[in-house]
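Asks: Quick note, the sequences are listed as chains A and B, same order. The opening residue of the first sequence carries number 753 in our numbering; numbering runs sequentially from there. The opening residue of the second sequence carries number 17 in our numbering; numbering runs sequentially from there.
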Amino acid sequence: MAKTEAWGTRVGLILAMAGNAVGLGNFLRFPVQAVNNGGGAFIIPYIVCFLLMGIPLLWIEWSMGRFGGKYGNHSTPYILDTMAKGRIWKYIGVFGIFTNLAVAAYYCYIESWTMSYVYHSLVGTFQGMGQGDVAQFFNDYVTIGKSTTGIPYEAVIFFVLCLVLNTFILSKGLKGIERVAKIGVPLLLIFGAFLAIRSLTLGTTGATLEHPDANAWDGFNFLWTPNYDSLWNPSVWMAAAGQIFFTLSVGMGTVHCYAAYLREKDDIALNAVSAGFTNEFVEVVLGSMIVIPIAAGYLGMDWVKENAGFGMAFQTMPFLFDNWGPILSVLAGVFWFGLLFFAGITSSLAMGTPWVGFMQDEFKWTREKSAWSFGAIVLLLGLPTVFFFHLGVFDEYDYWAGTVSLVVFAMLEVIVFSWIFGVNKGWEQIKMGADIKVPLIYKPIIQFVTPIMLIIVFLGAMFTPLGNDWAAAFTNGFVLDNSSIIKQITMTGLREQIAAATDPEIINQLKNKLFYVMGARILLMSVFLGVCYLVYRAYNIRKKEGRLV
Amino acid sequence: MNTSALVLMLMVQVTVACITAYFFWKVLKTPPKPEPDSYSDNDDDPR
């Protein structure tokens, strides 16, 4: 098989893979999960899940990618097709393209916020603003009609700019992606280290009359003091498994795609653990040392416990940095949002590669044409999340594409790898060309433990009990929570809100939201079916050309 | 910061940092496979 493209260096590939995994969740999701799940004790199930589910999934996806690449396949539909007999598998691989298109649509929007916030930090927009003003600034920003710079529709403009940048880099091929990773990942580490050091030296210096008990060390204490009782709570284990799963960017099809450009004799075992541990370093070392301690240092731990969440990055941090003086606050803002930007762009570039690889392999499109078509689809799919951000479109994409699809695909691919392709053949693939000795214990783990864990995670999401309280569900009777997949399908939560509302204006708003949520689902379903159709067309082309394996 | 939190934090962070550094050191130390390999930047290197 002729290799059309190749990675420049091994370190470049590992940094690109690490950049793919490192995302906004490392800095925002991990510390919040730890705060909500027993503080320091959360790290124990987290590490267990990393060893039993994270590392096996990385090895599985790297080896699937390299195996498929041997037959000229650089996206999951035909990577899965080469691994198992039967026509169905390539349609399961559709998840590996669909997920990336849909996630990129809203992820690039978040990425564009970071671009915009770097600009605003540089020009000093946040200087002198109160906490409420900074939060309002964000609300104004995502309310498309309002402008924070004087530029009309600035959120749309930054989104398009961000998308053009991503598409341009994608059109330059693996070399472009590798160059961004080689610059972005080290810069991200430097920016993160600067903020972590500042956080370690903050102590009680941020206490004010309004928040006299503010102390950064309270944040560290809360994150790391082990509450061993929480280890007996199944919810904590589910949260740890979920965090490992999302932080490593597994179940997306991006790892397969990057690994598909490797030759069979080259290592994947050491590469996979190097990239995986780089992600862990960013998450466990840097991720835990920035948002929560800095917020606790200025606003106190009570405030953090009540407000810990994704919004802190944009609605709180610029206000906190403003306490650091005119120069340091600008630097901190640029470093923080720059760090999030690099974490974002190295992931969004990875999301483009499966589509680009698929169109090149199956329809002989050029890389440029494939890349710009990716940009066009993401633009069309992303604009509803920009315009109807407050109406639930963004959350709908995140839930179905960024959460459910990942779990479904990972569960199915592990079953294909361990039980249909066969664990013996799979194990040989993992060991082939390995520069480390892969511990034999991982063979039964890959065959039994990882699939069972993923099935449990999937069933846990499908049948989440009321309040996510598994202990109570098993003792007091099982009632489904509105966040469970079953209840999400029927939109029970939203319908209950409409039924409970009495104000006609609120009822109207909720009904409006229901309409947009439905629209988002139809859009997502159309994309999934559209990719299925392309896979079917590709099958017919392969059949005609006698290229079926 | 209380002792149990400090011990756990240092233990976990130092372990993760050391393992990451070890794997990177191993990647950098391992000699490249004979050509043709997967990486293009060393295509002209004599083997």
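The C-beta atom is built at its ideal place from N, Cα and C for all residues, glycine as well.
(1) Mind the definition here: the region 1091 to 1103 of chain A touches the region 763 to 774 of chain A only if three or more C-beta pairs lie below 8 Å; say whether that holds.
(2) Grab me the residues of T1118/A's own chain with a C-beta within less than 8 Å of its C-beta, minus the 5 sequence neighbours each way, in chain order.
(3) Quick check on DSSP: helix, strand or coil for G1109/A?
(4) If we cut at 8 Å on Cβ distances, does R1119/A have a partner in chain B?
(5) By the DSSP assignment, the alpha helix (DSSP H) with R762/A in it spans what residues?
(6) Identify the contact partners of D57/B in chain A, using a Cβ-Cβ distance below 7 Å as the criterion.
(7) Whole angstroms are fine: how far does the CA of G1090/A sit from the CA of F779/A?
(8) For M1163/A, does the count of other Cβ atoms within 10 angstroms reach 16, so buried, or fall short, so exposed?
(9) Bridge partners of P1217/A, per DSSP?
(10) If we call anything under 8 Å between Cβ atoms a contact, is A1021/A one with V1190/A?
(11) For a contact meaning CB atoms closer than 7 Å, what does D53/B contact in chain A?
(12) Taking Cβ positions only, does M753/A come closer than 8 Å to chain B?
(13) Hey, is E813/A's beta-carbon within less than 8 Å of any beta-carbon in chain B?
(14) From G820/A to V1168/A, what distance separates their C-alpha atoms?
(15) Assign W865/A to one of three DSSP states: helix, strand, or coil.
(16) Could you check the C-alpha separation between A1272/A and L1143/A for me, to the nearest Å?
(17) Strictly under 8 Å for the Cβ-Cβ distance: is N772/A near chain B by that measure?
(18) Taking only three categories from DSSP, how would you classify W1117/A?
(19) Going along the chain, which residues of its own chain have a beta-carbon closer than 6 Å to the beta-carbon of Q785/A, five neighbours each way excluded?
(20) In three-state terms, what does DSSP make of Y1151/A?
(21) For L853/A, tell me which candidate among Y1194/A, F1200/A, L915/A, P1078/A has the shortest Cα-Cα distance.
(22) In three-state DSSP terms, what is G1104/A?
(23) For the structure I just gave you, are there three or more beta carbon pairs, one from the region 824 to 837 of chain A and one from the region 1128 to 1139 of chain A, closer than 8 Å?
(24) In whole angstroms, what is the alpha-carbon distance linking P978/A and A21/B?
(25) If you check the beta carbons only, do D970/A and A1065/A fall under 8 Å apart?
(26) Which residues mark the beginning and the end of the alpha helix (DSSP H) in which T31/B is found?
(27) Considering only their Cβ atoms, is the gap separating S827/A from C1009/A smaller than 8 Å?
(28) What residues in the region 783 to 797 of chain A bring their beta carbon closer than 7 Å to a beta carbon of chain B?
(29) Assuming contact is defined by CB atoms lying nearer than 8 Å, are V727/A and I849/A in contact in what I supplied?
(30) Just confirm the distance between the C-beta atoms of E1369/A and G824/A, as a whole number of angstroms; I'd bet it's less than 8 Å.
(31) Note down the Cα distance separating K42/B from L1211/A, rounded to an integer number of angstroms.
(32) Does DSSP put P52/B in a helix, a strand or coil?
(33) Can a CB atom of chain B be found closer than 8 Å to the CB of S868/A?
(34) Under a CB-based cut-off of 8 Å, is L804/A close to chain B?
(35) Cβ of I1188/A within 8 Å of Cβ of S815/A?
(36) Just tell me which of Y1291/A, V763/A, G1174/A, S1157/A has its CA closest to the CA of K927/A.
Replies: Walking through what the data contain:
(1) Judged by pairs of C-beta atoms under 8 Å, the region 1091 to 1103 of chain A touches the region 763 to 774 of chain A, as three or more such pairs exist.
(2) Walking along the first sequence from the start, residue 1118/A turns up at place 366. Same-chain partners within the cutoff: Q1112.
(3) The residue labelled residue 1109/A in the question sits at position 357 within the first sequence. G1109/A: helix per DSSP, three-state reduction.
(4) One-based indexing of the first sequence puts residue 1119/A at position 367. Under the Cβ distance rule, R1119/A does not count among the residues neighbouring chain B, no pair being separated by less than 8 Å.
(5) Counting from 1 along the first sequence, the entry for residue 762/A is found at position 10. 762 to 773 is the extent of the alpha helix (DSSP H) around R762/A.
(6) For the purposes of this step, residue 57/B is taken as the residue at position 41 of the second sequence. Taking the beta carbon of D57/B as reference, the chain A residues within 7 Å of it are G760, T761, listed in sequence order.
(7) One-based indexing of the first sequence puts residue 779/A at position 27. One-based indexing of the first sequence puts residue 1090/A at position 338. One alpha carbon belongs to F779/A, the other to G1090/A, and they sit about 13 Å apart.
(8) Your numbering for residue 1163/A matches position 411 in the first sequence. Buried is the call here.
(9) Counted from its first residue, the first sequence places residue 1217/A at position 465. In the DSSP output, where bridge partners are listed per residue, P1217/A has L1232/A.
(10) Sequence index remark: in the first sequence, residue 1021/A carries index 269 (1-based). Sequence index remark: in the first sequence, residue 1190/A carries index 438 (1-based). Taking a C-beta distance under 8 Å as the contact criterion, A1021/A and V1190/A qualify as a contact pair.
(11) In the second sequence, the residue the question calls residue 53/B occupies position 37. Listed by position along chain A, the residues whose Cβ is nearer than 7 Å to that of D53/B are R1015, D1018.
(12) As a position in the first sequence, residue 753/A is number 1, starting the count at 1. Annotation note: pLDDT 41 at M753/A (below 50); position unreliable, coordinate value reported separately. M753/A is outside the set of residues whose beta carbon lies under 8 Å from a beta carbon in chain B.
(13) Numbered from its first residue, the first sequence carries residue 813/A at position 61. No - not a single Cβ of chain B is within 8 Å of the one on E813/A.
(14) Within the first sequence, numbered from 1, the residue matching residue 820/A stands at position 68. Within the first sequence, numbered from 1, the residue matching residue 1168/A stands at position 416. Near 13 Å, if we compare the C-alpha coordinates of V1168/A and G820/A.
(15) Position 113 of the first sequence, counted from the first residue, corresponds to residue 865/A. Helix at W865/A.
(16) Start at 1 with the first residue of the first sequence, and residue 1272/A comes out as number 520. Start at 1 with the first residue of the first sequence, and residue 1143/A comes out as number 391. Here the alpha carbon of A1272/A sits roughly 10 Å from the alpha carbon of L1143/A.
(17) Residue mapping note: residue 772/A aligns to position 20 of the first sequence, counting from 1. Not one chain B Cβ lies under 8 Å of N772/A.
(18) Along the first sequence, one-based indexing puts residue 1117/A at 365. The three-state secondary structure of W1117/A, taken from DSSP, is coil.
(19) Mapped onto the first sequence, residue 785/A falls at position 33. If the five residues before and after Q785/A are omitted, its C-beta is found closer than 6 Å to the C-beta atoms of A991, Q995, all from its own chain and listed in chain order.
(20) The sequence position of residue 1151/A within the first sequence is 399, counting from 1. Residue state for Y1151/A is assigned as helix, using DSSP reduced to three classes.
(21) Within the first sequence, numbered from 1, the residue matching residue 853/A stands at position 101. Answer by Cα proximity: L915/A.
(22) By 1-based counting over the first sequence, the position of residue 1104/A is 352. Helix.
(23) No, the region 824 to 837 of chain A is not in contact with the region 1128 to 1139 of chain A.
(24) For the purposes of this step, residue 978/A is identified with residue 226 of the first sequence, where counting begins at 1. For the purposes of this step, residue 21/B is identified with residue 5 of the second sequence, where counting begins at 1. Distance from the CA of P978/A to the CA of A21/B, rounded to the nearest whole angstrom, comes to 7 Å.
(25) What you label residue 970/A is simply residue 218 of the first sequence in a count that begins at 1. What you label residue 1065/A is simply residue 313 of the first sequence in a count that begins at 1. Cβ distance not < 8 Å, so D970/A and A1065/A don't count as in contact.
(26) Residue 31/B sits at position 15 when you count from the first residue of the second sequence. Taken as a continuous stretch (DSSP letters only), the alpha helix (DSSP H) holding T31/B covers 19 to 45.
(27) Numbered from 1 along the first sequence, position 257 holds the residue referred to as residue 1009/A. Numbered from 1 along the first sequence, position 75 holds the residue referred to as residue 827/A. For C1009/A and S827/A, yes; Cβs fall inside 8 Å.
(28) The region 783 to 797 of chain A vs chain B, Cβ under 7 Å: G792, I795.
(29) In the structure displayed, chain A extends from 753 to 1301; residue 727/A sits before or after that span and is not available.
(30) Only positions 753 to 1301 of chain A appear in the structure, and residue 1369/A is not among them; the question remains open.
(31) As a working note, residue 42/B is residue 26 in the second sequence. As a working note, residue 1211/A is residue 459 in the first sequence. Whole-angstrom Cα-Cα distance: 39 Å.
(32) Within the second sequence, numbered from 1, the residue matching residue 52/B stands at position 36. In the structure shown, P52/B sits in coil (DSSP, three-state: anything other than H, G, I, E or B).
(33) Within the first sequence, numbered from 1, the residue matching residue 868/A stands at position 116. It does not; no Cβ of chain B falls within 8 Å.
(34) By one-based count along the first sequence, residue 804/A stands at place 52. Not a single C-beta of chain B is nearer than 8 Å to the C-beta of L804/A.
(35) Within the first sequence, residue 1188/A is the residue found at index 436, counting from 1. Within the first sequence, residue 815/A is the residue found at index 63, counting from 1. No, the pair does not count as a contact, with Cβ atoms beyond the cut-off.
(36) In the first sequence, residue 927/A corresponds to position 175, counting from 1. Looking at Y1291/A, V763/A, G1174/A, S1157/A, the one whose alpha-carbon comes closest to that of K927/A is V763/A.
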